[in-house]
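Each protein sequence line maps, in turn, to chains A and B.
Position 241, counted from 1, in the first sequence is what my numbering calls 227; the numbers after and before it change by one each time, with no gaps.
Position 245, counted from 1, in the second sequence is what my numbering calls 269; the numbers after and before it change by one each time, with no gaps.
Built from N, CA and C at the ideal position, the CB exists for glycine as well.
For reference, the structure is listed below as structure tokens.
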Amino acid sequence: MSLTPPEGRTRAVLMVAAPWLFFVALIGFWELVCQVFSLPAYVLPAPSAIVEAFFKVEISRWFTHLWATLRVALMGFAVSIVVAVPIAIAMMRSELLSRTLYPLLVVIQSTPVVAVAPLIIVLMGSGDPSRVLITALLTFFPLVVSTATGINETPPELIELSRSLDAPTRRETWQIRIPYAIPHIYSGLRIAITLAIIGAVVAEFVAAEEGLGYFIQFSTSFFRIPQAFAGLFFLAVVSLLLFKSVQWSQRIFFPWSLPKKGH
Amino acid sequence: MTEPATNRAFVRLSGVGHRYDPDPAVPPAVTGIDMDIRRHEFVAVVGPSGCGKSTLLRMIAGLLKPSEGEVSVFGMPVKGPREDVGIVFQKPTLLPWLTVSKNVLFPLKHKYGRYSREDEKRADELLAMAGLESFADKMPDELSGGMQQRVGIVRALLLNPDILLMDEPFSALDAMTREQIGFDLLKIWEENPKTLLFITHSIAEAVLLADRVLVMSKRPGTVLEMIDVDLPRPRSTRTISDQRFSELADRIRRHVYEPDAA
């Protein structure tokens, strides 16, 4: 049997609706399996039980946990941008610096941050700074790499144009190289924002009194499995919204940098 | 220009050559080029791929230091990038985040960090001259390839350079656009006389547009012949059916197909 989509308007509607329909069907199937086999909630809670658990938790508590996680994720993300982009620019400008720093960056990237997280907490205490550091460590490598790639992909003719005008290097960087790197920087940002949530959650797993990661862990350890699932879905939705926000910001601020359709 | 402003050499190349590889076993890209270009003369350069046409252009632009000989403009040796040189590249290389008119103004913005109201007026005039006035506020990707390259030419004219260097500017365009933009270039050049060095792969294009055609050998690039194109101006599609046009084109073609016979 082949999945040939129908023609015209129906096809257009189906193309948009298909992923949603599939998602709803999946949830329905899940609910059905739980009901038919009467699975206990601590093995696999039914979606209806998860929804119920979600609303049992006070909205203010949700916001407290959400804010704790979001705060660390966004601060880590911001620190990562502030550190990674200048490093990438500096590395592009100086081959010596690039040769000096690159091995260190690779070492940091190859070290599982999850394993280092407890050490960072021991070193720096269990406050926000250590959590932000864990998040930043996890996110900055893809940002350095994508920024450096973008900067190096500037068409050589534009660099020649700049040199033929005898323009200062600073303007070559700001008016040509960095804007040219924007599409690449954004692909780095899209990866980094989801890693930022992972970083924040990992930090909460190690030591925290609030946050969605902490909430999931604590719910699990008290065998409140539907509540843990509710936290997990909430986290997934937040992560998805952050990812979308990065996309939206590109569409709003740098519409020219989006890949062109057709033409 | 039927009457060149001066017969003195404006751009002079004396024994100019360049090698990228210091190893003497590797032949240089270009060697022993002697050429005088008069002021406001249109010189086309043809030659096989890799014969160092672009290298030659970059040495005149001051972007590349000759490893032998010297390039001088009006008697002054070229030591680095010059203000009186405009460059048009093979690709339009417009900045995708700037509107057409901001792209035209980019050289000023890039060199000095700002531009004035008068500069904006000049950009508008130049765009109008190239028939692009209604596209001033469009983004580059809304323009066809031919229009983008016109913007590239207009951008090179902004600082009103004496010398315009064009590196295979029309090679990315389709044949019909290419012919049209060639005639447009002639019109622009006749209205704003420039000393023009035009690199091309197309023999017909070289003969149709230029006052003289420099034919280069394959690597290492040397001068095979400098051909005077004594076709009347203004040139048009009728020029192509001129007997003399085919004679000149054939003469160049002989260098390409039978390099030793010529």
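- Here the segment 129 to 143 of chain A does not lie against the segment 96 to 114 of chain A, with fewer than 3 beta-carbon pairs under 8 Å apart.
- The segment 191 to 206 of chain B makes no contact with the segment 149 to 166 of chain B: fewer than 3 CB pairs, one atom from each, lie closer than 8 Å.
- Here B:Val54 is near B:Val40, since their CB atoms are less than 8 Å apart.
- Assignment of beta strand (DSSP E) within the segment 220 to 268 of chain B, counting only whole runs of 3 or more residues, yields 236 to 240 and 247 to 252 in chain order.
- Using a 10 angstroms sphere on the CB of A:Met1, the tally of other CB atoms stays under 16, which defines it as exposed.
- Beta-carbon to beta-carbon, A:Ser225 and A:Ala214 are separated by about 16 Å, too far to satisfy the 8 Å threshold.
- Within chain A, the residues Glu143, Glu146, Leu147 and Ser150 have their CB atoms less than 9 Å from the CB of B:Ile111, given in chain order.
- Closest by C-alpha distance to A:Ser243, out of A:Leu7, A:Ser173 and A:Ala54, is A:Ser173.
- Selection A:Arg47, A:Trp48 and A:Ala76 evaluated against A:Ile164 yields A:Ala76 as nearest (Cα-Cα).
- Counting along the chain, no beta strand (DSSP E) covers B:Asp143; the unbroken alpha helix (DSSP H) around it starts and ends at Arg141 to Met153.
- If you check the CB distance, B:Pro164 and B:Leu118 come in under 8 Å.
- Under the Cβ criterion of 8 Å, A:Pro165 is counted among the residues facing chain B.
- Taken through DSSP and simplified to helix, strand or coil, B:His279 comes out as helix.
- Inclusion of B:Val178 and B:Ala154 in the CB contact set at 8 Å is warranted, their separation being smaller than that value.
- A Cβ-Cβ separation of about 13 Å leaves B:Gly93 out of contact with B:Gly245 under the 8 Å criterion.
- With respect to B:Ala228, B:Ala180 sits apart: the two C-beta atoms are not nearer than 8 Å.
- Closer than 8 Å to the CB of B:Gly155 there is not a single CB belonging to chain A.
- A:Arg79 has a beta carbon lying at 8 Å or more from every beta carbon in chain B.
- Nearest in C-alpha terms to A:Pro72, of all of A:Glu190, A:Val19, A:Tyr28 and A:Phe126, is A:Phe126.
- Using a CB distance below 8 Å, the part of the segment 218 to 247 of chain A facing chain B consists of Phe240, Trp242, Ser243 and Lys246, ordered along the chain.
- Here the C-alpha atom of A:Phe219 lies approximately 33 Å from the C-alpha atom of A:Val92.
- Segment contact: the segment 64 to 75 of chain B against the segment 231 to 241 of chain B, three or more CB-CB distances shorter than 8 Å; contact assigned.
- Among the residues facing chain A, B:Gly137 is included, as its CB has a counterpart in that chain under 8 Å away.
- Secondary structure at B:Leu132: helix, using DSSP grouped into helix, strand and coil.
- Taking CB atoms only, A:Gln21 has no neighbour in chain B less than 8 Å away.
- Residues of the segment 77 to 96 of chain B with a C-beta less than 8 Å from any C-beta of chain A: Arg82, Ala85, Gly86 and Leu87, listed in chain order.
- Setting aside the 5 residues that flank it on each side, B:Lys242 is surrounded in the same chain by Pro72 and Cys75, each with a C-beta closer than 6 Å to its C-beta; the list follows chain order.
- A Cβ-Cβ separation of about 23 Å leaves A:Ala167 out of contact with A:Thr121 under the 8 Å criterion.
- Between B:Pro105 and B:Leu87, the CB-CB gap stays under 8 Å.
- The DSSP-derived three-state label of A:Arg210 is coil.
- Your pair B:Leu189 and B:Ala49 does not check out as a contact, with CB atoms roughly 31 Å apart and the cut at 8 Å.
- Within chain A, the C-beta atoms nearer than 7 Å to that of B:Met163 come from Trp242, in chain order.
- Collapsing the DSSP output to three states places A:Thr97 in coil.
- Taking the Cβ atoms as the reference, A:Ser132 lies roughly 6 Å from A:Ile171, within the contact range of under 8 Å.
- With respect to A:Ala3, A:Ala74 sits apart: the two C-beta atoms are not nearer than 8 Å.
- For A:Arg176, the nearest beta carbon of chain B is not closer than 8 Å to its own beta carbon.
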